[in-house]
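There are 2 protein chains.
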Amino acid sequence: MDIDDLTTEETSPEVRRARPLGRTHSPLCDLVTEQLREAILSGRYTAGERLVEEQLAQEFAVSRNPIREALRILAAEGLVEVRPRHGATVAVMSHQDICEMIEVRATLEGLNARLAARRHDPKVVARLERVLEKGRRLAAGAAPKEFIALNAEFHNLLAEAGGNSTLGEMVRSLRDRTALMFSPVDSVEADRVWAEHAEITKAVIAGDEELAALLASRHVVRAGERLLRENECSDCVRGFPKGKRPQGCPNDA
Amino acid sequence: MDIDDLTTEETSPEVRRARPLGRTHSPLCDLVTEQLREAILSGRYTAGERLVEEQLAQEFAVSRNPIREALRILAAEGLVEVRPRHGATVAVMSHQDICEMIEVRATLEGLNARLAARRHDPKVVARLERVLEKGRRLAAGAAPKEFIALNAEFHNLLAEAGGNSTLGEMVRSLRDRTALMFSPVDSVEADRVWAEHAEITKAVIAGDEELAALLASRHVVRAGERLLRENECSDCVRGFPKGKRPQGCPNDA
DNA sequence: GCAGTGCACACTGCATGCAGTGTACAATGT
DNA sequence: ACATTGTACACTGCATGCAGTGTGCACTGC
Numbered sequence: 017m018d019i020d021d022l023t024t025e026e027t028s029p030e031v032r033r034a035r036p037l038g039r040t041h042s043p044l045c046d047l048v049t050e051q052l053r054e055a056i057l058s059g060r061y062t063a064g065e066r067l068v069e070e071q072l073a074q075e076f077a078v079s080r081n082p083i084r085e086a087l088r089i090l091a092a093e094g095l096v097e098v099r100p101r102h103g104a105t106v107a108v109m110s111h112q113d114i115c116e117m118i119e120v121r122a123t124l125e126g127l128n129a130r131l132a133a134r135r136h137d138p139k140v141v142a143r144l145e146r147v148l149e150k151g152r153r154l155a156a157g158a159a160p161k162e163f164i165a166l167n168a169e170f171h172n173l174l175a176e177a178g179g180n181s182t183l184g185e186m187v188r189s190l191r192d193r194t195a196l197m198f199s200p201v202d203s204v205e206a207d208r209v210w211a212e213h214a215e216i217t218k219a220v221i222a223g224d225e226e227l228a229a230l231l232a233s234r235h236v237v238r239a240g241e242r243l244l245r246e247n248e249c250s251d252c253v254r255g256f257p258k259g260k261r262p263q264g265c266p267n268d269a
Numbered sequence: 017m018d019i020d021d022l023t024t025e026e027t028s029p030e031v032r033r034a035r036p037l038g039r040t041h042s043p044l045c046d047l048v049t050e051q052l053r054e055a056i057l058s059g060r061y062t063a064g065e066r067l068v069e070e071q072l073a074q075e076f077a078v079s080r081n082p083i084r085e086a087l088r089i090l091a092a093e094g095l096v097e098v099r100p101r102h103g104a105t106v107a108v109m110s111h112q113d114i115c116e117m118i119e120v121r122a123t124l125e126g127l128n129a130r131l132a133a134r135r136h137d138p139k140v141v142a143r144l145e146r147v148l149e150k151g152r153r154l155a156a157g158a159a160p161k162e163f164i165a166l167n168a169e170f171h172n173l174l175a176e177a178g179g180n181s182t183l184g185e186m187v188r189s190l191r192d193r194t195a196l197m198f199s200p201v202d203s204v205e206a207d208r209v210w211a212e213h214a215e216i217t218k219a220v221i222a223g224d225e226e227l228a229a230l231l232a233s234r235h236v237v238r239a240g241e242r243l244l245r246e247n248e249c250s251d252c253v254r255g256f257p258k259g260k261r262p263q264g265c266p267n268d269a
């Protein structure tokens, strides 16, 4: 609740360059949404875990009202599932769900890369290369969390390069929902991923639409394949401790 | 509020086949969401129109709470825009927004048709042909509203034929958001649209992935082109009466 | 006239309270 | 032992109320 300096009144008539409080301070509902999303994406809440309103309300030190709104928003995004009169749970994704999302994401990343290549805006490209360089230095050695952030940064920038914000928003959502599983990569994987990023960027710079699309699409499928291979014997993605699995989890069948 | 027969208690021990009330009755929040979505899509609320919570609450005869939740959900779907402390408005889409959505939708419909052709499940295909036939009879002569419904039915079925529910959900959302503008078609247009549907279906039945994808994609672009042509001089899509335009509407510039 | 100030109204953001529903578990009868 | 009923608890759904914020308009002094 970062409303701390409301007490300091304007005393001198000169322009004080006070930051526009009214514009900047977000409603609690939005803050909760962000934090909750972050918490889910970072794995602090595991798939299938119940999200009890009162509990969250105490955790965030707010009333249940903003919590409820946040939960509806996240439900609309697909990160949370709300069953009427049964409450909210972190969304559980089946093997099939993941396959579906990867298929769609591969197509959309392909389209986006194609658009990026078509425009190859020098400004955005420059920024892309900067992230690429930063990643090249850290890639293999980076902590998982750092790597994820860097990866997100690259892909967000690529989306920007595509210049289709609707598309960008959609892939971001898909990436969020699948990101949970892409997390643990060994250093060999990380190197390969980053090399692929470089290849994509090269194609974008060259304005080679066809190649950029192909590479970006394949980039998603590759990561997906590894993921699906790892999980081929379990229908649910994350390993739930026995007895704590979401109801209906095929692992219990 | 269809809770009408709660009074009828089970009196005889035999199984009464009473429908499970607990499962079926939706929370007000969901009902409001649906009705509001329907109202926006059918044009009963025009783009940029303010959606005042208290007003809606009285309209639906509920409190502001479920209204707020519905608004957040629709905002997450992109049908409504919520500015903190300024309230909600029906989303206004710029020329660019529409271009972007059409581009994405064309790609996704293409992917979906490809998948549908790959599976060409006889059962779904049979249903497709039934809708197609019904449409062929009515197409040109149908009332606009009827035509839209029929069109939606066809596309939903096609999505089902694709077998990727995530994808289906995404194209449905895109179709919703663009549907507003596709509405007024003359009978020549309607005939052409329906002929294209038939072509797509044929390719799906033949299992010709490439053709199905191409046709479906082009189908979207065609409709989009007409739309964009019509609006090429106005940046905002729907004609707002002068003085009632959403703030920032380029038509006022 | 016209910038600046104060005020009133409209609306959103949020907390609180209560009724209704789902669920687990003990009590009861068979 | 087992099905059935009763009951207590946990939680969601929703209404209500109030504080805070945005906005338009009258008022003031110039």
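Chains as they are written, first to last, in my numbering: chain Z, 17 to 269; chain Y, 17 to 269. We treat Cβ as the ideally placed atom computed from N, Cα and C, and that holds for glycine. Computed from a predicted structure; not experimentally measured.
Exercise. Quick one: is Ile89/Y near chain Z, going by C-beta distance under 8 angstroms?
Worked result: Cβ-Cβ to chain Z under 8 angstroms: yes for Ile89/Y.
Exercise. Three or more beta-carbon pairs under 8 angstroms between the stretch 182-198 of chain Y and the stretch 53-60 of chain Y, yes or no?
Worked result: Output reads yes: the stretch 53-60 of chain Y touches the stretch 182-198 of chain Y.
Exercise. Comparing the C-beta of Met186/Z with each C-beta of chain Y, is any distance below 8 angstroms?
Worked result: Closer than 8 angstroms to the CB of Met186/Z there is at least one CB belonging to chain Y.
Exercise. Span of the beta strand (DSSP E) holding Ala175/Y?
Worked result: Note, Ala175/Y: premise wrong, no beta strand (DSSP E); alpha helix (DSSP H) at Pro160 to Gly178.
Problem set entry | Listed by chain order, chain Z residues near Pro160/Y by CB distance under 9 angstroms | Within chain Z, no residue has its beta carbon less than 9 angstroms from that of Pro160/Y; the closest one is some 26 angstroms off.
For this session: Taking C-beta pairs closer than 9 angstroms, name the residues in chain Z that Asp113/Y reaches, listed in chain order.
Result: Chain Z residues near Asp113/Y: Ser181 and Thr182.
Exercise. Can you find a CB in chain Y that lies within less than 8 angstroms of the CB of Pro138/Z?
Worked result: Not a single CB atom of chain Y sits nearer than 8 angstroms to the CB of Pro138/Z.
Exercise. Relative to the C-alpha of Gln51/Z, which residue among Ala206/Z, Ala86/Z, His41/Z and Gln74/Z is closest?
Worked result: Ranked by Cα distance from Gln51/Z, the first of Ala206/Z, Ala86/Z, His41/Z and Gln74/Z is Ala86/Z.
Exercise. By how many angstroms is the C-alpha of Pro100/Z removed from the C-alpha of Gly337/Z?
Worked result: Any property of residue 337/Z remains undetermined from this structure, which presents chain Z solely from 17 to 269.
For this session: Taking all protein chains shown into account, decide if Val204/Y is buried (16 or more other Cβ within 10 angstroms of its Cβ) or exposed.
Result: Around the C-beta of Val204/Y, fewer than 16 other C-beta atoms lie within 10 Å, and the residue is accordingly described as exposed.
Exercise. Where does Arg80/Y sit, in a helix, a strand or coil, going by DSSP?
Worked result: Judged by DSSP in its simplified three-state form, Arg80/Y adopts helix.
For this session: Spell out whether any CB of chain Y is found under 8 angstroms from the CB atom of Arg53/Z.
Result: Contacts with chain Y at 8 angstroms (Cβ-Cβ) do not include Arg53/Z.
Problem set entry | Pro82/Z versus Arg53/Y - alpha carbon distance | Looking at the two C-alpha atoms, the distance is approximately 22 angstroms.
Problem set entry | Identity of the residues DSSP links to Arg66/Y by a beta bridge | Thr105/Y, per the DSSP bridge assignment.
For this session: Report the option in Arg238/Y, Arg134/Y, Asn128/Y and Arg88/Y whose CA atom is closest to the CA atom of Glu212/Y.
Result: Ranked by how close their Cα comes to the Cα of Glu212/Y, the residues Arg238/Y, Arg134/Y, Asn128/Y and Arg88/Y have Arg238/Y in first place.
Exercise. For Glu97/Z, which residues of its own chain have a beta-carbon under 6 angstroms away from its beta-carbon, when the five flanking residues on both sides are left out?
Worked result: Closer than 6 angstroms at the Cβ level, and outside the excluded window around Glu97/Z, lie Thr105 and Ala107.
Problem set entry | Start-to-end residues for the alpha helix (DSSP H) that takes in Arg60/Z | No alpha helix (DSSP H) contains Arg60/Z, which DSSP labels as neither H nor E.
For this session: Report yes if the CB atom of Leu127/Z is closer than 8 angstroms to the CB atom of Thr123/Y, and no otherwise.
Result: In this structure, Thr123/Y lies closer than 8 angstroms to Leu127/Z by Cβ.
Problem set entry | Other residues of its chain near Leu190/Z: CB distance less than 6 angstroms, five sequence neighbours each side excluded | Once the five neighbours on either side are set aside, the close Cβ partners of Leu190/Z are Met117 and Arg121.
Problem set entry | Cβ shell of Val232/Z (< 6 angstroms), same chain only, five flanking positions each side left out | The amino acid occupying residue 232/Z in the given sequence is Ala; Val does not appear at that position. Glu125, Gly126, Ala129 and Ile216, listed in sequence order.
Exercise. Start and end of the alpha helix (DSSP H) containing His111/Z?
Worked result: If you look at His111/Z, you'll find it in the alpha helix (DSSP H) that goes His111 to Arg135.
Exercise. Under 7 angstroms from any heavy atom of the ligand SAH, does the C-beta of Gly126/Z make it?
Worked result: Absence of the ligand SAH from the depicted structure is noted, as is the absence of any ligand whatsoever, leaving it without description.
Exercise. Are the CB atoms of Ile89/Z and Arg88/Y nearer to each other than 8 angstroms?
Worked result: Cβ atoms of Ile89/Z and Arg88/Y: closer than 8 angstroms.
Problem set entry | Nonlocal neighbours in the same chain, by C-beta distance under 8 angstroms from Glu69/Y, ignoring five residues either side | The residues are Arg80, Ile83, Arg84, Leu87, Gly103 and Ala104.
Exercise. With respect to the alpha helix (DSSP H) encompassing Asp207/Y, which residues constitute its N-terminal and C-terminal limits?
Worked result: Per DSSP, Asp207/Y belongs to the alpha helix (DSSP H) from Ser203 to Ala222.
Exercise. Would you say Arg134/Z reaches chain Y, if we count a Cβ-Cβ gap shorter than 8 angstroms as a contact?
Worked result: At least 8 angstroms separates the CB of Arg134/Z from every CB of chain Y.
For this session: Closer than 7 angstroms by C-beta to Leu131/Y: which residues in its own chain qualify, once you throw out the five before and the five after it? Chain order, please.
Result: Taking Leu131/Y as the centre and dropping the five residues before and after it, the same chain places the C-beta of Gly178, Gly179 and Asn180 closer than 7 angstroms to its C-beta, in chain order.
For this session: Would you identify the three-state DSSP class for Pro266/Y, choosing helix, strand or coil?
Result: Any reading at Pro266/Y must be qualified, since the residue scores a pLDDT of 43, below 50, and its modelled position is unreliable; the value itself is stated next. Here Pro266/Y sits in helix by DSSP.
Problem set entry | Rounded C-alpha distance that separates Gln74/Z from Pro43/Z | When rounded, the distance between both Cα atoms is 17 angstroms.
For this session: Could you tell me which chain Z residues have their CB closer than 9 angstroms to the CB of Glu93/Y, listed as they occur along the chain?
Result: The contacting residues are Ala92.
For this session: Report the option in Ser110/Y, Leu67/Y, Leu72/Y and Gln71/Y whose CA atom is closest to the CA atom of Leu243/Y.
Result: For Leu243/Y, the closest of Ser110/Y, Leu67/Y, Leu72/Y and Gln71/Y by C-alpha to C-alpha distance is Ser110/Y.
Exercise. Counting only beta-carbon atoms, is Val31/Z nearer than 8 angstroms to chain Y?
Worked result: Its pLDDT being 38, under 50, Val31/Z is placed unreliably in this model, and the coordinates cannot settle the point.
Exercise. Whose CA, out of Val147/Y, Lys161/Y and Cys45/Y, lies closest to the CA of Asn14/Y?
Worked result: The shown model of chain Y, from 17 to 269, leaves out residue 14/Y, and the question about it has no answer.
Exercise. Taking 8 angstroms as the CB-CB limit, is Thr123/Y close to chain Z?
Worked result: Yes, Thr123/Y counts as interfacial toward chain Z.
Problem set entry | Contact with chain Z by Glu176/Y, beta-carbon distance below 8 angstroms | No, because no Cβ of chain Z sits closer than 8 angstroms to the Cβ of Glu176/Y.
For this session: Would you mind giving the Cβ-Cβ distance between Ala214/Y and Ala133/Y, rounded to the nearest angstrom? I have them listed as a contact below 8 angstroms.
Result: Contact doesn't hold; Cβ gap of about 15 angstroms is too wide.
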